[in-house]
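For reference, the structure discussed in these notes is given below.
Residue numbers (our numbering), protein chains in the order written: chain A, 2 to 197; chain B, 2 to 197.
Take a look at the structure:
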């Protein structure tokens, strides 16, 4: 049994692991959209991806680990690249990505599973720690550039800016305008400057 | 068929409607905890409360209306009464109530139903508008007392203070300390003062 699908590139240097990850991610994404988190099973993912079960289990011991990893891979880049130097624009760009990610059936399945207590608390807390960490680049750059005090807590700024989005999306159902995003970002920045 | 249960007071002036409401609320609360929002039915509530179906439907045309009304009745008071003049303490008291309400299986059932799109958007938006409105007393008093600018948007202040609570409780699972509540309240107040 091969770890590769027939159409996967077989000899790209360093490509083997990357191909396995890409195939498993794609299979996991499809399956999660089709059956939801509860019925989602690692053996089924392995079969769909054309990858050995043991290969999957070695890398992702539980389905929570795989789904976390998948969601992180979808948000793994730094939006400040496109808006160098303007902290508020960078934060607004990040908030737009948050809104996009919340529209993904994948993310909705994970949030529903969280609400049901179906996700292991350690996996959940680790996922959010990593997600916040990966988004904190724009805050760290702003600190380095003297735009925010050196004592700024990146996670706290991100939480303050993003939590009204989750609140409206999942709790009140209220719509979110572009002006709202600028308000959320501006407040989080002002607070970070006042808190120091 | 009587609208009253055997043990309800029969002749208190103005008590008839209040007794019906209390009995229906109690029955609705029990039923929602037992079967969840999806399986919740107004006819079953009426039977349990010992109240005519038509009486229930006249006052609460849909189950969304009844559940909204029930939740509003559970949070219908003004926490500033206990901490006159200290805006931050009043806001912290309000946030503690938010945390308590999120622990109620009732509220969890409603949030899950929101996430599933099972609650009518108008009922949902109306519920949150009324819930925010009823909690806005402390903001209005603070404006009257000169503690906040006259242009302060009460709903916006409440949203800013409360949304990190919902975010941690339903999204990240992160714990919330009393110090966090003071931080959330202080930031919302500072923002309202800076925004004016």
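The beta carbon of each residue, even a glycine, is placed where N, CA and C say it ideally should be. As the structure is a computational prediction, the values presented were derived from the model and not from experiment.
At a cut-off of 8 Å between beta-carbon atoms, residue 38 (chain A) makes no contact with chain B. If you draw a 10 Å sphere on the C-beta of residue 165 (chain A), you find 16 or more other C-beta atoms in it, and that means buried. Per DSSP, the continuous alpha helix (DSSP H) segment holding residue 101 (chain B) begins and ends at 88-104. Counting along the chain, no alpha helix (DSSP H) covers residue 119 (chain A), and no H or E run does either. Boundaries of the alpha helix (DSSP H) harbouring residue 49 (chain A): 43-50, taken from the DSSP string.
Legend: CB atoms of the stretch 143-177 of chain A lying less than 9 Å from CB atoms of chain B belong to residues 157, 160, 161, 163, 164, 165, 166, 167, 168, 169, 171, 172, 173, 174, 175. Taking a contact as a CB-CB distance under 8 Å, the pair residue 68 (chain B) and residue 24 (chain B) does not count as one, their CB atoms being some 16 Å apart.
DSSP, read as helix, strand or coil, puts residue 144 (chain A) in helix. The C-alpha of residue 179 (chain A) is placed about 26 Å away from the C-alpha of residue 149 (chain B). With a beta-carbon spacing of about 16 Å, residue 195 (chain A) and residue 92 (chain A) fall beyond the 8 Å limit used to define contacts.
With a cutoff of 8 Å on beta-carbon distance, residue 167 (chain A) and residue 111 (chain A) are scored as not near each other. Under the 8 Å criterion on CB atoms, residue 122 (chain B) is classed as interfacial with respect to chain A. Annotated as distal: residue 158 (chain B) and residue 130 (chain B), with beta-carbon spacing of 8 Å or more. Here residue 153 (chain A) is buried. Its C-beta has 16 or more other C-beta atoms within 10 Å.
In the structure shown, residue 55 (chain A) adopts helical secondary structure according to DSSP, grouped into three states.
The residue from A:133, A:18, A:27, A:65 with its alpha-carbon nearest to that of residue 118 (chain A) is A:65.
Within chain B, the residues placing a beta-carbon under 9 Å from that of residue 115 (chain A) are 171, 172, 173, 174, ordered along the chain. Here DSSP, grouped into helix, strand and coil, assigns residue 165 (chain B) to helix. Under the 8 Å criterion on CB atoms, residue 188 (chain B) is classed as interfacial with respect to chain A. If you ignore the 5 residues before and after residue 151 (chain A), its C-beta comes within less than 7 Å of the C-beta of 144, all in its own chain and listed in chain order.
Residue-level contact by beta carbon holds for residue 129 (chain A) and chain B, with a gap shorter than 8 Å. When DSSP states are grouped into helix, strand and coil, residue 174 (chain B) belongs to the coil group. Judged by DSSP secondary structure, residue 24 (chain B) falls within the alpha helix (DSSP H) whose first and last residues are 16-40. Judged by DSSP secondary structure, residue 137 (chain A) falls outside any alpha helix (DSSP H); it is assigned neither H nor E.
Residue A:173 holds the alpha-carbon nearest to the alpha-carbon of residue 126 (chain B) among A:173, A:182, A:184.
With a threshold of 8 Å between beta carbons, residue 126 (chain A) makes contact with chain B. In this structure, the straight-line span from the alpha carbon of residue 103 (chain A) to that of residue 109 (chain A) is close to 7 Å. Annotation: the continuous alpha helix (DSSP H) that includes residue 182 (chain A) extends over 179-196. Listed by position along chain A, the residues whose Cβ is nearer than 8 Å to that of residue 192 (chain B) are 188, 191, 192.
DSSP, read as helix, strand or coil, puts residue 71 (chain A) in helix. Put simply, the backbone Cα of residue 27 (chain A) is about 26 Å away from that of residue 171 (chain A). The beta carbon of residue 195 (chain A) sits closer than 8 Å to some beta carbon of chain B. 8 Å or more divides the Cβ of residue 163 (chain A) from the Cβ of residue 71 (chain A).
Residue contact with chain A for residue 43 (chain B): absent (no Cβ-Cβ distance below 8 Å to any residue of chain A). In this structure, residue 49 (chain B) sits away from residue 35 (chain B), with a CB-CB distance that is not shorter than 8 Å. If you draw a straight line from the Cα of residue 122 (chain A) to the Cα of residue 40 (chain A), it comes to about 19 Å.
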